[in-house]
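Read the structure below first, then the notes.
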Amino acid sequence: MEEEDEAMVMEVEEIQEEEERAPKEKEPPKIRRLAESVVNRIAAGEVIQRPVSAVKELVENSLDAGSSSINVVVKDGGLKLIQVSDDGHGIRYEDLPILCERHTTSKLSTFEDLQSIKSMGFRGEALASMTYVGHVTVTTITKGQLHGYRASYKDGVLEHEPKACAAVKGTQIMVENLFYNMAARRKTLQNSADDYPKIVDLLSRFAIHHTHVSFSCRKHGAARADVHSVGVPSRIDAIRSVYGVSVAQNLMNIEASDDDPSSSIFKMDGLISNFNFVAKKITMVLFINDRLVEWTALKRSLEVVYSATLPKASKPFIYMSITLPAEHVDVNVHPTKREVSILNQEIIIEKIQSVVETKLRNSNDTRTFQEQTIEPSSSCQVSSRKDSDLNPSPSGSKPMKVPVHKMVRTDSSDPTGRLHAYMQAKPQNHLDGGSSLTAVRSSVRQRRNPKETADLTSIQDLIDEIDRKCHSGLLDIVRHCTYIGMADDVFVLLQHDTHLYLANVVHLSKELMYQQVLRRFAHFNAIQLSDPAPLKDLLLLALKEDDLDPEYEENDELKEKIAEMNTDLLKQKAEMLEEYFCIHIDTHGNLARLPVVLDQYTPDMDRVPEFALCLGNDVNWENEKNCFQEIAASLGNFYAMHPPMLPNPSGDGLKLYEKKRPFKNTEDREYTSGYDATRETEIEHELLSEAETAWAQREWSIQHVLFPAMRLFLKPPTSMATNGTFVRVASLEKLYRIFERC
């Protein structure tokens, strides 16, 4: 018994020793209340992010004060000095003691006032934030006073009693030594580019919107102002004085509005650049309820519209002023008030985007293009005259090589079945007798007058049908999905919210192209074939591919007759095809031009024969609505992003490009009889390279052309919810839970 007691005691002692040796568990850190000075400085860093933020806040205060003249002086990009002077109503002497305290404002008194606020400032944080990161001096005088007052502030507190001084009407605020107590921020700004160009850009934007106010901005000590605008009656005059004549002369007025309470209520007017304007980057000046803001979604959508409609002018200048009911705008979503949240913003974006696209297309009546020369530095020249001839390239230049993926070819294994003969380039000195071969897409047909087709209700009925059949759930997925990558040759992997989807690229692109054909009806650009391709030959190639018994001689005669009949039919319908769909068939039955259904995308020319056969066989030419619908469907199928006809060279597909080396003599053949699989193989490198180019081009087009266009234009029909176009394959939330368990 004693032995058992001793053993138990020893065991207890060992446990105590182990507990003493084990590291003690750390206690939870104590939560402390930050000092008010620390809180204020953190908040100041959010509101005043850089010197241009301070200038914006001060200028907006001046505008709220009813100023007609605002002058800005800047030193060292705003780090040493920012001085903003205005002729507004000034600040009352009684308000000076609390002027720079946090959350002191004359703009609102209750939170509900935000629903109807019309002033630019409202939080009462701007001046307070500046006093926490700089030295602020205010000089002001109000109407009826004999003299003004000057007051200095630090950390939101008045340093001494306001002193009487001489002053002119209004208020002058000086911010000196900005970020003097934030070493990292100041050092970062000193090492970066000067903030002064950002300040000049800011004042320029204010100047073209507030045309009744005079603005000036200059560097400290400079005699000449970099921004100098006086009150003018016309906005275009303000743009001319600020941005120059070259910008002002290439602008078009634009308007849009909606007063439907069930969808959206807004009014927009502005100016957008035309096809003659060329710049290195987009300039978008946007005011919502007279507040300068950024709206990334609208900017991106308009940039895509320009890229799709006017590739040459894809970096436009855009000024827009949007007026909304105050209760539809949440101005309190960003510390610097740079962004706002808008009710029904997707609908507003879609309507503005539609108006801009229509304006761009309708303004294009007189646009023609010069052909692109072969020098890399040359560019298409734009002529303002109608029906101007295309100038050929210099006679001494080399012929341009047509890319492989743009060649017309129907059978990769049969060289005699290719249509390269119709696309081969000729020397430049032989261009007099026909169209130039230097670029397939350089010649673009003139835009037609939209009034000519305004009475075609069949097209409007088809478009209305698209709207009626649109699936709202799929529309949300299409608008807000994220492209991940190709899952296989047909399906692409997408993410929407926390769900992963497989989407059929062929179905999506076919529907998008069909809808685009109807929307661009009679207003297409053109793909100019280098040499016209005979319709009869195209039809024979398509019939040959569909023939189940190609060796049967009577089939050849039947195919000849079908090809002739369809050629005659399409020649009879050539005028209508040219007028409405930009499909040009000359009097000899040659296909010369095809429409651009989606800009920056060239269809797979391997499918031209199939498309020609569809036009001849599958179109009901008797009924107008059915005719237009079936032609649009044929174009949609032709332009859809089908897998290339050459097999995918990645993975196991590489074996299809291998060929066995032939025997050198009879002895080798007899010796290897029965062991043919062991013969060495070699790769058909030329064909493999062509396939790799085609597949890479398709994947790039899917990611960078198809999906941006889908987000803007596609209205997925209800049928896509059940026909396998979209398949939900996983939920990220469920996957995360599974991984957690593992």
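Okay, so the sequence shown: first residue is 0 according to numbering that gives the first Met the number 0, each after it adds one.
The beta-carbon is built from N, C-alpha and C at its ideal position, and this holds for glycine as well.
Computed from a prediction, not measured in an experiment: that's the story for all the values here.
Nearest to residue i (by Cα), restricted to the options the options
i	options	result
L473	V355, N565, M709	M709
D200	H227, Y179, L177, R223	H227
E732	L653, V595, L499	L499
R234	S245, E464, H208	H208
L593	T586, V156, Y579	Y579
V339	I351, E326, E349, K350	E326
D329	G133, V292, S320	V292
P196	R217, L285, P533	R217
G650	Q628, K624, L687	L687
A255	M512, T357, A611	T357
M640	Y600, A611, A632	Y600
C613	T566, L297, C581, P648	T566
H88	A532, T138, T497, S52	T138
A53	S68, S66, D85, T130	T130
I172	H146, E100, V71, A237	V71
Alpha-carbon to alpha-carbon, residue j and residue i
i	j	result
K468	E124	50 Å
V304	E26	59 Å
L655	E691	13 Å
H404	D257	Residue placement at H404 is flagged as unreliable, the pLDDT there being 40, under the threshold of 50; a coordinate-derived value is accordingly withheld.
L653	M644	14 Å
E685	N343	53 Å
P375	S261	Residue placement at P375 cannot be trusted, given a pLDDT of 42 that sits under 50; what the coordinates show is reported in the next sentence. Approximately 52 Å, taken between the alpha carbons.
L250	F205	18 Å
K397	V595	Because K397 carries a pLDDT of 41, less than 50, the predicted location of this residue cannot be relied on, and the following value inherits that uncertainty. Straight-line Cα distance between these residues: approximately 27 Å.
N273	Y242	16 Å
A562	Q248	53 Å
T141	Y148	10 Å
Y318	D154	38 Å
I351	K266	10 Å
A573	H583	7 Å
Q702	V156	55 Å
V174	S240	29 Å
V246	S128	37 Å
R223	Q514	55 Å
R727	T721	12 Å
D193	N288	31 Å
D259	I346	11 Å
D225	R519	44 Å
Q445	L359	Because Q445 carries a pLDDT of 35, less than 50, the predicted location of this residue cannot be relied on, and the following value inherits that uncertainty. Their Cα atoms are separated by approximately 13 Å.
N252	I271	7 Å
V704	H134	51 Å
D466	Q459	11 Å
S67	H219	22 Å
S383	N361	At S383, the pLDDT of 37 sits below 50, so the modelled position is not reliable; the number obtained from the coordinates is stated separately. So the alpha carbons of these two residues sit roughly 15 Å apart.
Heavy atom of the ligand SAM within 8 Å of residue i beta-carbon
i	result
D154	Looking for the ligand SAM in the displayed structure turns up nothing, as the structure carries no ligands at all.
Residue i, enclosing beta strand (DSSP E) - first and last residue
i	result
C216	213 to 218
T322	316 to 322
R727	725 to 730
D85	80 to 85
T282	282 to 287
Residue span of the alpha helix (DSSP H) that contains residue i, given as start and end
i	result
R519	Counting along the chain, R519 falls outside any alpha helix (DSSP H), and DSSP gives it neither H nor E.
D63	50 to 63
E689	684 to 700
D463	456 to 467
I351	344 to 361
Y656	First-last for Y656: undefined, no H or E at that position.
M644	That residue, M644, is in no alpha helix (DSSP H); it is neither H nor E in DSSP.
D200	195 to 208
T295	295 to 308
A708	706 to 712
Is the segment 84 to 100 in contact with the segment 152 to 171, if contact means three or more CB pairs nearer than 8 Å? Yes: the two stretches touch, three or more of their Cβ pairs being nearer than 8 Å.
Decide if the segment 602 to 612 is in contact with the segment 478 to 498; the criterion is three or more beta carbon pairs, one per stretch, under 8 Å apart. Taking a contact to require three or more Cβ pairs closer than 8 Å, the segment 602 to 612 and the segment 478 to 498 do not qualify as touching.
In chain order, each beta strand (DSSP E) run of at least 3 residues that lies wholly inside the segment 558 to 633: Those beta strand (DSSP E) runs which fall completely within the segment 558 to 633 and span 3+ residues are 589 to 595.
Across the segment 523 to 543 and the segment 711 to 724, are there enough close Cβ pairs to call them in contact, namely three or more that are closer than 8 Å? Contact between the segment 523 to 543 and the segment 711 to 724 is absent, because fewer than three Cβ pairs lie under 8 Å.
Checklist entry - What are the uninterrupted segments assigned as alpha helix (DSSP H) that are 4 or more residues long and contained completely in the segment 220 to 277, given in chain order? => result Runs of alpha helix (DSSP H) with 4 or more residues, each lying fully within the segment 220 to 277, are found at 234 to 242, 244 to 247, listed in chain order.
contact_flag[the segment 612 to 621, the segment 499 to 513] where n(CB pairs < 8 Å) is 3 or more:
The answer is no - the segment 499 to 513 does not touch the segment 612 to 621, with fewer than three Cβ pairs under 8 Å.
Exercise for the section: Mind listing, in chain order, the continuous beta strand (DSSP E) runs of no fewer than 3 residues lying wholly within the segment 128 to 182? Expected result: The DSSP assignment places 134 to 140, 147 to 153, 162 to 164, 169 to 175 as complete runs of the beta strand (DSSP E) inside the segment 128 to 182, in order along the chain (cut-off: 3 residues).
Three or more C-beta pairs closer than 8 Å, one from the segment 507 to 516 and one from the segment 482 to 489: is that the case here?
By the C-beta criterion, the segment 507 to 516 is judged not to be in contact with the segment 482 to 489, since fewer than 3 inter-stretch pairs fall below 8 Å.
* Can you list the alpha helix (DSSP H) stretches of 4 or more residues lying completely in the segment 480 to 519, in chain order? -> Segments of the alpha helix (DSSP H) lying fully in the segment 480 to 519: 504 to 518.
For the segment 166 to 185 against the segment 78 to 88, are there 3 or more C-beta pairs whose distance is under 8 Å?
-> The segment 166 to 185 is in contact with the segment 78 to 88.
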